[in-house]
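As structure tokens, the structure follows; a few thoughts come after it.
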Amino acid sequence: MSARRDLPVAFFDSGVGGLSVLREAVKRMPHENCLYFGDSANAPYGTKSEEEIRSLTLGHARRLYDMGIKALVVACNTATSAAIRPLREIYTDIPVIGIEPALKPAVRSGEHPRVLVMATPLTVQGSKFHRLLDQYRDWGEITALPCPGLMEYVEKGELNGPGVRSCLEKLLKPCLERGVDAIVLGCTHYPFVRPLIREIAGENVQILDGGEGTARELQRRLAEMDLLTDRKEKGEIVYMESLPERIPLCRELMKMN
Ligand code: DGL
């Protein structure tokens, strides 16, 4: 059992976005070894069909599983929406953790708040998201905002240039004019442009993402299966990318807060 405890936790995303989840996991569990795989060569996932995303995700999950891992974190809302169910059916011996837009804390942020959910087109079209909406629609006024084209800026490492600023302004301004109390970052790439979203939305809007909640759930599931490492030294992070030239960007993004 102790050998199993020292296996790495694998994190998967369509690109560099899942690092916003990995960094939360590292904050909570600094001794764990982690493996990060970003599929930037096939990004974006959010404008692909559900079948394509499922097939890419299942293929990558198989390779990660075969490397020897103790848990799989699908650090991508889009891949979670398309593939979490088959993944959980296939890998029954390890925790398989997905991520979904943080609607619950958002609707609790005020009295019937106006909540804007930024996510990929695939995520907001998916039945998983519709079930989530049904669960919380009485608690607030929830609007889904598909953001095609936004993740590409993060993939390029452009977190504050004129291109990403104008993309965000075009997306957000019409909604902000109607009034927004909370914004949910429903794609793991978006926390990296949070400072810019904050600037555009102003100080009075709450901005939430699912990274911390997902890291907490991972910790809970590892503890439940007695899989938390007992090593005392800092864990190792191994970065893998289908576009290897993105690895330096991965390291840079991990240093951001
Ligand atoms: N990072 C991904 C998510 O959380 C998707 C970005 C994409 O590939 O479109 O949804």
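Whatever position you read off the sequence shown (first residue = 1), add 34 for the numbering used here.
Cβ coordinates follow ideal geometry from the N, Cα and C atoms, glycine included.
Assigned with DSSP and collapsed to three states, I103 falls in coil, not helix or strand. Within the region 155 to 234, the runs of alpha helix (DSSP H) that reach at least 4 residues and sit entirely inside it are, in chain order, 155 to 159, 161 to 170, 184 to 189 and 196 to 212. In this structure the region 93 to 109 touches the region 36 to 47; the number of beta carbon pairs closer than 8 Å is three or more. In this chain, the alpha helix (DSSP H) harbouring A59 covers L53 to R62. Residue state for A117 is assigned as helix, using DSSP reduced to three classes.
Within a 10 Å sphere around the beta-carbon of V227 sit 16 or more other beta-carbons, which makes this residue buried.
Residue environment: N111 is assigned as buried (16 or more neighbouring CB atoms within 10 Å of its CB, all protein chains considered). The beta-carbon separation of A77 and M185, rounded to 7 Å, stays under the 8 Å limit for a contact.
Between the C-alpha atoms of M274 and I128 there is a straight-line separation of about 21 Å.
The shortest C-alpha to C-alpha distance from A117 to any of P147, G80 and V141 is the one to G80.
Going by beta carbons, S54 and P225 fall inside the 8 Å limit.
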